[in-house]
Amino acid sequence: MKRSSFQKPLSKTRAQEILNAYGADPERWPEDERQSLIQLLAQSPELQALRETGAHLDGLLDEWQPKLSCSTDTLISSLPAQPQRKQNWSDQLAAFFFPGYMAWRQAMLAGIPLMLGFIWGLSGEPLADDWTETEFLIFNPPLEVITDE
Amino acid sequence: MDDGALMERVSRGDREAFTVLVKQYAPVLERFAIRLIFQQHQAEEVAQETLTRAWLKACDYDPKRARLSTWLHQIAHNLCVDILRRQDRELPLAHEAERGLTAADTAENSMSTLESKNMIVKAIAVLSERHRTALVLTYYQCLSNREVAEIMGVSLRALESLLVRARQQVKVTLEESQ
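Here the protein sequences line up with chains A and B, keeping their order.
All letters in the first sequence, in the order written, are residues -2 to 146 by the numbering used here.
All letters in the second sequence, in the order written, are residues 573 to 750 by the numbering used here.
Here it is, written out as structure tokens:
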């Protein structure tokens, strides 16, 4: 999530609201008002006193750190099967018109390199020019000219 | 590994990635649930159910919309609210909280520390579910105010009102019990 680094100018009333809501620790203050509040605090003994009151309550709240018993091994070993991932729109469309499409998809994908190789082989020029005369005659027979005579 | 990459692996059924997710978030989520429902056993179930849902719905996670931590807290929060509504036990929570805490902590703490802890726990337990959630998410779960507002489905102003009221009430309850 993007956070703004813009610091809003702060009134004393707003500073009091922040201290009353979030307590004394700057980490909990709204990010876009933090620097302004720190600057305002340096100039106002009234706000400093309010912050000290907040710090006392923060200290009391800090005392409650519950003990945990979370055993995660059972959770990991007994996971249910995940549902199938959602198909994108093109797959859904293809599956609608061709019900067996998904089953054939992988075979079709695997066949693509084979088809490309076949097409390339048919359309390409011969790679070698060191044929023997016999090979040349076999693969390039002389055209017979048919005349009416 | 960032949130998006981790969840992409989890969505492909990668158990190793899921183990990383569990190790990182199970303690965070269990602590969150304990602080909302005050019952160790149910809190553990909430953490496990949240992570199981993350495993099953990993495809739905969009890192552009929320941090993983926010997404998981949102699931856990909904589960906790369901438990609280089902049992309608906001009032007996203070007793439940005291019982659970005493059993777990007596061995490790002096009586004065324990009393002080009990007072804090009770003061939080008597808050309404909304006030408690706002306080716990902002104070203990290290989430930003925007993330907390998103999890609770409220505006920033409404969140701040909840926080001011929650802190005031905790303070008053602590003063009364001293």
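Each residue gets a CB set at the ideal place from its N, CA and C atoms; glycine is no exception.
- Straight across, the Cα-Cα distance linking residue 705 (chain B) with residue 638 (chain B) is about 19 Å.
- When B:574, B:729, B:715 and B:590 are compared, the shortest CA-CA separation from residue 69 (chain A) is found for B:590.
- Boundaries of the alpha helix (DSSP H) harbouring residue 719 (chain B): 717 to 724, taken from the DSSP string.
- Legend: CB atoms of the stretch 5 to 16 of chain A lying less than 9 Å from CB atoms of chain B belong to residues 14 and 15.
- Under the three-state reduction of DSSP output, residue 19 (chain A) falls in the helix class.
- The criterion of a C-beta distance shorter than 8 Å is not satisfied by residue 54 (chain A) and residue 602 (chain B).
- When CB distances to chain B are screened at a threshold of 7 Å, the residues of the stretch 40 to 72 of chain A falling below it are 54, 57, 58, 60, 61, 63, 64, 65, 66, 67, 69 and 72, in chain order.
- For residue 649 (chain B), the closest C-alpha among the options B:628, B:614, B:579 and B:634 is that of B:614.
- Chain order gives the chain A residues near residue 627 (chain B) as 76, 77 and 79, where near means a beta carbon separation below 8 Å.
- Counting the other CB atoms within 10 Å of its CB gives residue 636 (chain B) a total below 16, which places it among the exposed residues.
- At a cut-off of 8 Å between beta-carbon atoms, residue 716 (chain B) makes contact with chain A.
- Here DSSP, grouped into helix, strand and coil, assigns residue 714 (chain B) to coil.
- 8 Å or more divides the Cβ of residue 707 (chain B) from the Cβ of residue 730 (chain B).
- When the five nearest sequence neighbours on each side are left out, the beta carbons in the same chain lying within less than 8 Å of the beta carbon of residue 699 (chain B) are those of 707, 738, 741 and 742, in order along the chain.
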